[in-house]
Amino acid sequence: MATDLEARAKEAFVDDNFDLAVDLYTQALDMDPKNADLYADRAQANIKLENFTEAVADANKAIELDPSIVKAYLRKGTACMKLEEYQTAKTSLETGACLAPGDSRFTRLIKECDERIAEETIDLPKKVMLNVPPSTMSSSSNISTEIAKDSDSSKDASCQSTAMPSKLKYRHDYYNSSTEVVLTIFAKGIAAKNVSVEFGEQMLSVIIDIPGEEKYHFQPRLFGKIIPKSCRYEVMSSKIEIRLSKAEPITWTSLEFSNKRIIPQKINTSSAPVSQRPSYPSSKAKIDWDKLEAQVKKEEKEEKLDGDAALNKLFQDIYRDADEDTRRAMSKSFIESNGTVLSTNWKEVGSKKVGGSPPEGMELKKWEY
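The opening residue of the sequence shown carries number 1 in UniProt numbering; numbering runs sequentially from there.
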């Protein structure tokens, strides 16, 4: 019986025998292939085995069978974070948060995703990204990462998008460098054989043709001319990255051509400040983000907290100011000990598993989350 196999799989999981758990869940699925819970639970066992790609596949199957299964979104988000697919992880976690608004695990992981995404954004200047002056953009090239007007409306939009997946189009984004424009189409899990990209002198054609689904065709007339033979694209697990080689070293103030008279600005590659943060086209008023960030940091330092809040802030400050090894030690010790040990010594904890150490008078028990 599938239920007997499921019970044995859960026992194996609790006993840290994750290989056996995966095997038993697989046998149960052979008998009951439409059971979303079995896929979600096998995803958790695969996460423990660090089979993150398999875990994502299991979570996706669980969601396909039952779009309301909360734990599948949590496990997909967790596995995607391990694969450093933070945008995909955040999308899954936001969906789960909509279904379970009182579950603090989603809030914590979404916050971690935001921090990772922010770190990647700060690292973008290392790829020689140059500033783009604010200008009016066409609706199709608006930067999707603009700050939402308020968090509530953003959350509502996330929930609504989950309810109507068939109406969604693939989101795209772009940025300038001195020699090319890098366009990203956020389409995950697409096989390269289903993607066709063609380049013209001032045209781009992207076709995603998946059997059984409506064909996606994106064919913009580009802002400026390109060198087709120097353009290239790559289909990745979560996106399609297209590199358009510029015919002229000018800044594209939008992705698509506009009839409005715009004077192209030439990029001064010799004086472009590499350390300066990237700036994207926007119709919003200019905000001094450095000043705003400094103000927020000052307020955080001056804030007086008590009890657990003060202790949590202390740990956050230590983590923020620590080097990479210290951060790894803190994360590894905290996760492996189920939150009972926090070490800053990577040499001590890096080569071994950190066991739990509950406070005096308390007992450590294993549980599935």
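Positions of the beta carbon are idealized from the N, C-alpha and C atoms, including for glycine.
Consider the Cβ of residue i: report whether some Cβ of chain D lies at a distance smaller than 7 Å.
i	result
G361	Considering every chain present, this structure includes no chain D. It has just one protein chain.
Tell me the rounded alpha-carbon separation between residue i and residue j.
i	j	result
R42	A59	8 Å
K215	T91	23 Å
P358	S331	17 Å
R108	V235	31 Å
R75	L292	35 Å
D290	T121	14 Å
A79	V56	6 Å
P211	E241	22 Å
N345	V354	12 Å
T340	A89	26 Å
R320	G356	24 Å
G189	K239	8 Å
F315	D325	15 Å
K10	Y86	29 Å
T95	Y73	7 Å
S104	A36	23 Å
L93	G77	6 Å
T200	H172	What sits at residue 200 in the sequence shown is Gly, not Thr. Distance between the alpha carbons of G200 and H172: 19 Å.
L24	A62	17 Å
I117	Q27	38 Å
F52	E84	11 Å
V296	R232	41 Å
D4	L38	12 Å
L20	A12	6 Å
I147	D323	Its pLDDT being 37, under 50, I147 is placed unreliably by the model, and nothing is read from it.
S351	A2	39 Å
L49	L342	23 Å
E363	V14	16 Å
E112	M81	9 Å
S333	E64	35 Å
I110	P228	40 Å
A40	R8	16 Å
Tell me whether residue i sits in a helix, a strand or coil according to DSSP, three-state version.
i	result
F13	helix
N176	strand
L314	helix
F334	helix
E348	helix
L255	coil
Y216	strand
A2	helix
M203	strand
V70	helix
L38	helix
I47	helix
I210	coil
I250	strand
L222	strand
S144	Any answer about S144 is weak, because its pLDDT of 40 lies below 50 and its placement is not dependable; what the coordinates show is given next. Here S144 sits in coil by DSSP.
If you follow the beta strand (DSSP E) that residue i is part of, which residue opens it and which one closes it?
i	result
T184	180 to 186
S230	Careful: S230 lies outside any beta strand (DSSP E) and carries neither H nor E.
I240	240 to 245
F199	195 to 199
Taking 6 Å as the limit between beta carbons, can you name the residues of its chain near residue i, skipping five residues before and five after?
i	result
A97	F106
S196	I207
T205	With the sequence shown as reference, residue 205 is identified as Ser, and Thr is not the correct amino acid for it. E198, Q219, listed in sequence order.
Y174	V181, L183, L255
Below 8 Å CB to CB, which residues in the same chain sit around residue i once its five sequence neighbours on both sides are set aside?
i	result
residue 372	Residue numbering for the chain in the displayed model covers 1 to 369; residue 372 lies beyond these limits and cannot be assessed.
Q202	R221, L222, G224, K225, I226, F257
E348	A329
M164	In this prediction, M164 scores a pLDDT of 39, lower than 50, which makes its location untrustworthy; no coordinate-derived value is stated.
CB-CB under 7 Å to residue i, same chain, minus the five flanking residues each way: which ones, in chain order?
i	result
W252	N176, V181, F223, G224
N46	V22, E54, A55, D58
A192	V235
S230	S245
G361	none
N194	I208, D209, I210
N17	none
Residue range of the alpha helix (DSSP H) that residue i falls in?
i	result
F18	18 to 31
M236	Run containing M236: none; DSSP gives neither H nor E here.
Y86	86 to 99
E54	52 to 65
Using 8 Å as the Cβ pair cut-off and three pairs as the minimum, do the stretch 66 to 83 and the stretch 22 to 32 touch? no
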